[in-house]
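What follows is a single structure, written as structure tokens, with notes after it.
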Amino acid sequence: MSRCPGRSFSLSRFKTHFAKEVIQEILTKYLKDKEYKQIQAEILSKTIGSEIKNRIKDQYLDSRYKFMVQVVLGERHGAGIKVGARCVWDADTDTLAFDQFLNETIFCMAVVFAVYFY
Amino acid sequence: MDYLDEENRFDVNEVSDIINNSIENTIGNQLYQQNMVNKWVNDVVDYCLKRLCQLAKPFKYMVICTILQKNGAGFHAASSCYWDNSTDRKCNVKWENESMYVIVTIFGLAF
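So the sequences go chain by chain: A and B.
The first sequence begins at 1 in the UniProt record's numbering and counts up by one.
The second sequence begins at 1 in the UniProt record's numbering and counts up by one.
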């Protein structure tokens with residue numbers, strides 16, 4: 001890797017499309033063909049959150065990013081839902097990636113915030 | 001961390017007061033209305049960020065607001081973080097009235 005800080009930053013830069021693929025893969029893995037059950041939902045949402053974090057963390061282990069993963073998992077029951085986020089950060093370095101998953105009974109949304117630690 | 005003295009810490013109580021205030025001010029006792037939800041989410045997040053910035057602390061903030069209509073549907077939110085435990089904090093508030101749940105999560109990262 002180059003010694004120039006600008007260069008090494010761009011090499012290890014957080015890639016939104018990669019994170020999006022990870023999220024979609026993990027959501028599909030855990031939720032495909034599943035039915036919403038109240039007892040499972042709590043464990044499921046925690047497992048999904050930590051697995052997404054671990055996968056992304058492993059990929060960017062040598063970079064200086066901090067990661068926050070938020071998972072919202074619910075039952076499709078005709079209820080309206082709206083999720084919104086806004087951030088105060090350095091737009092040059094910090095980004096977010098999100099993706100969602102739907103089947104007959106479950107909806108799930110996961111968002112990853114990547115914040116560069118100077 | 002040493003450079004974060006007492007004044008510059010992320011005070012969870014203070015932040016949860018801010019969140020509660022912002023929800024009370026924007027939603028209060030109103031019933032769930034689909035065409036208003038966009039505005040509510042916007043307003044809650046906006047108000048929180050404005051108040052957080054007024055605290056003038058060395059933090060980056062991420063505010064996530066979820067509004068869910070109450071009709072018996074199950075719902076879960078979870079978060080998982082990779083950060084510096086000594087400086088970075090998260091604050092989570094769950095609020096409800098008779099027609100909706102509002103969940104606001106704020107991450108504060110020292111820089």
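Quick reminder that beta carbons are idealized off the backbone N, C-alpha and C, glycines included.
All of these numbers come straight from a predicted model, not from anything done at the bench.
Whole-angstrom distance between residue j and residue i, CA atom to CA atom
i, j, result
"Q69/B", "M62/B", "23 Å"
"E14/B", "T47/A", "30 Å"
"residue 175/A", "D5/B", "Within the shown structure, residues of chain A are numbered from 1 to 118, placing residue 175/A beyond reach of any answer."
"H76/B", "S45/A", "7 Å"
"K34/A", "A78/B", "19 Å"
"G80/A", "G108/B", "28 Å"
"R3/A", "C81/B", "Because R3/A carries a pLDDT of 44, less than 50, the predicted location of this residue cannot be relied on, and the following value inherits that uncertainty. Going from the Cα of R3/A to the Cα of C81/B covers about 29 Å."
"I106/B", "E7/B", "19 Å"
"I27/B", "C65/B", "13 Å"
"I67/B", "K82/A", "5 Å"
Residue i - containing alpha helix (DSSP H), residue span
i, result
"K94/B", "No alpha helix (DSSP H) holds K94/B; the beta strand (DSSP E) holding it covers R89 to E96."
"D99/A", "Run containing D99/A: none in the alpha helix (DSSP H); it sits in the beta strand (DSSP E), T95 to L102."
"K50/B", "Q34 to Q54"
"K57/B", "K57/B -> no alpha helix (DSSP H), and no H or E assigned at all."
"F18/A", "T16 to L31"
"D5/B", "Taken as a continuous stretch (DSSP letters only), D5/B belongs to no alpha helix (DSSP H), as it is neither H nor E."
"E14/B", "V12 to T26"
"S45/A", "Q38 to Q59"
For residue i, the first and last residue of its enclosing beta strand (DSSP E)
i, result
"A77/B", "F75 to Y82"
"G84/A", "I81 to V88"
"G74/A", "Y65 to E75"
"residue 127/B", "Since the first residue of chain B shown is 1 and the last is 111, residue 127/B is not available in this structure."
"A114/A", "I106 to Y116"
With 16 other Cβ atoms within 10 Å as the buried cut-off, status of residue i
i, result
"K53/A", "buried"
"S86/B", "exposed"
"Y118/A", "exposed"
"G74/A", "buried"
"Q70/A", "buried"
"S27/A", "Residue identity differs from the one stated: residue 27/A is Leu in this sequence, not Ser. The residue in question, L27/A, is buried, as its Cβ has 16 or more Cβ neighbours within 10 Å."
"residue 113/B", "The structure shown does not extend to residue 113/B, since chain B is modelled only from 1 through 111, so no value can be given for it."
Residues within the stretch 54-84 of chain A neighbouring chain B, beta-carbon criterion of under 7 Å
Taking a C-beta cut-off of 7 Å against chain B, the contacting residues of the stretch 54-84 of chain A are K57, K66, F67, M68, V69, Q70, V71, V72, L73, G74, E75, H77, G78, A79, G80, I81, K82, V83 and G84, listed in chain order.
Taking a Cβ distance cut-off of 9 Å, strictly less, list which residues of the stretch 82-96 of chain B are near chain A, in chain order.
The residues in question are Y82, W83, D84, D88 and K90.
Stretch-stretch touch, CB-based, cutoff 8 Å, three pairs: the stretch 92-107 of chain A with the stretch 18-25 of chain A
Flag = yes, the stretch 92-107 of chain A and the stretch 18-25 of chain A touch.
Can you list, in chain order, the residues of the stretch 66-80 of chain B whose Cβ is nearer than 8 Å to any Cβ on chain A?
Listed in sequence order: T66, I67, L68, Q69, K70, N71, G72, A73, G74, F75, H76, A77, A78, S79 and S80.
Spell out a yes or no on whether the stretch 46-53 of chain B and the stretch 87-102 of chain B are touching, meaning 3 or more CB-CB pairs, one atom from each, closer than 8 Å.
No: fewer than three Cβ pairs fall under 8 Å.
Identify each residue in the stretch 16-38 of chain A for which the Cβ-Cβ distance to at least one residue of chain B is less than 7 Å, and report them in chain order.
Answer in chain order: Y36 and Q38.
Between the stretch 53-62 of chain A and the stretch 79-89 of chain A, can you find at least three pairs of beta-carbon atoms closer than 8 Å?
Result no; under three Cβ-Cβ pairs closer than 8 Å.
Interface residues of the stretch 5-27 of chain B facing chain A [CB-CB below 8 Å]:
In summary, no residue of the stretch 5-27 of chain B has a CB separated from any CB of chain A by less than 8 Å.
Output, in sequence order along the chain, the residues in the stretch 51-63 of chain B whose CB is closer than 9 Å to any CB in chain A.
For the stretch 51-63 of chain B, which is checked against every Cβ of chain A, the residues closer than 9 Å are L52, C53, F59, K60, Y61, M62 and V63.
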